[in-house]
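Chemist: Before we start, here is the structure in question, set down as structure tokens.
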Amino acid sequence: MIHNRMLLLPGNEVTAITETVQEPQLEERNPDDCLYGPFEVTFENNYQIRVWVINSDPPVIQSALYDQSGELLDGPVVAETAELDQDYVFIDGPDQYEMRISRAANTVITDDELTTYVEAGGGHCPCCGCDDIHHSSFQVDGQQASRGTECLNCGANWKDIFQLQTVSRDAEDFRAPTRNVRRPS
Ligand SMILES: [Zn+2]
Numbered sequence: 405m406i407h408n409r410m411l412l413l414p415g416n417e418v419t420a421i422t423e424t425v426q427e428p429q430l431e432e433r434n435p436d437d438c439l440y441g442p443f444e445v446t447f448e449n450n451y452q453i454r455v456w457v458i459n460s461d462p463p464v465i466q467s468a469l470y471d472q473s474g475e476l477l478d479g480p481v482v483a484e485t486a487e488l489d490q491d492y493v494f495i496d497g498p499d500q501y502e503m504r505i506s507r508a509a510n511t512v513i514t515d516d517e518l519t520t521y522v523e524a525g526g527g528h529c530p531c532c533g534c535d536d537i538h539h540s541s542f543q544v545d546g547q548q549a550s551r552g553t554e555c556l557n558c559g560a561n562w563k564d565i566f567q568l569q570t571v572s573r574d575a576e577d578f579r580a581p582t583r584n585v586r587r588p589s
């Protein structure tokens, strides 16, 4: 049986190493020793793969497989890199646990993504394309209305902005004045 999960990471990059630390055992890992992580993926049977980027010189990635009670089953596997762009595979007996890790490069919405989004009338995440999105209620401010929108797939959130465009003069939408008033001059 193969268990497969995907983890989408924010598009952060390792830009500075502040200090070299002595690497303690995995279980004693101080959160301050981590540049990033732990990033965790939980499988249906509650096994977990966790991945850290360790603040050593050079930075390394450590990954490990845990069972449902938090027992370390496999690992730590150390990769001499700080790039979280690889797949992590662990074997536990006949089971294979695979976490595909993928970097969300979309830390900004590009002009093309924005155009596609607006022309489609929204409805999908501009960062990952998923249509599993959640809208907050509209806020109206003069000519503009906006609403917060969140992607439930990748966690991106953004604000949709709407502009007052026209007024519907359809009979079902428009009611003429009920008092005898002059038109505005
Ligand atoms: Zn998304």
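Each number in my numbering comes from the position in the sequence shown (counting from 1) with 404 added on. Cβ coordinates follow ideal geometry from the N, Cα and C atoms, glycine included. Since the model is a prediction, treat every value here as computed from it, not as a measurement.
(1) Would you mind working out which of PRO463, SER460, GLU444 sits nearest ASP471, comparing C-alpha positions?
(2) Near ligand 1, which residues have their beta-carbon closer than 5 Å to a heavy atom?
(3) By how many angstroms is the C-alpha of ARG583 removed from the C-alpha of HIS538?
(4) For the alpha helix (DSSP H) that VAL522 lies in, which residues bound it at each end?
(5) Do PHE494 and GLU401 have their beta-carbon atoms positioned less than 9 Å apart in this structure?
(6) Given this structure, state the Cα-to-Cα distance separating ASP535 from ASP491, to the nearest angstrom.
(7) Could you say which of GLY552, GLN466, LEU518 lies nearest to ASP437 if we only look at CA atoms?
(8) Can you list, in chain order, the residues of its chain whose CB lies under 7 Å from that of GLN567, leaving out five sequence neighbours each side?
(9) Between the Cα of ARG504 and those of THR570, GLN452, ASN561, spot the shortest distance and give me the residue it belongs to.
(10) Can you list, in chain order, the residues of its chain whose CB lies under 6 Å from that of PRO442, leaving out five sequence neighbours each side?
(11) With C-beta atoms as the reference, is LYS563 less than 9 Å away from ARG551?
(12) Determine the DSSP secondary structure at ASP545, reduced to helix, strand or coil.
(13) Measuring CB to CB, does MET410 end up less than 9 Å from GLN500?
Modeler: In this structure, then:
(1) When PRO463, SER460, GLU444 are compared, the shortest CA-CA separation from ASP471 is found for GLU444.
(2) Listed along the chain, these residues meet the criterion: CYS529, CYS531, CYS532, CYS534, CYS555, ASN557, CYS558, ALA560.
(3) For the pair HIS538 and ARG583, the Cα-to-Cα distance works out to about 42 Å.
(4) Here the alpha helix (DSSP H) through VAL522 covers 515-523.
(5) The requested residue 401 is not part of the displayed model; the chain covers only 405 to 589.
(6) A straight-line Cα-Cα distance of about 25 Å links ASP535 and ASP491.
(7) Comparing Cα positions, the closest option is GLN466.
(8) GLN547, GLN548.
(9) Taking only the C-alpha atoms, the option nearest ARG504 is GLN452.
(10) Contacts found: ARG454, TRP456.
(11) With respect to the 9 Å criterion, LYS563 and ARG551 are classified as neighbours on the basis of their beta carbons.
(12) If DSSP states are grouped into helix, strand and coil, ASP545 belongs with the strands.
(13) Not in contact: MET410 and GLN500 (Cβ atoms no closer than 9 Å).
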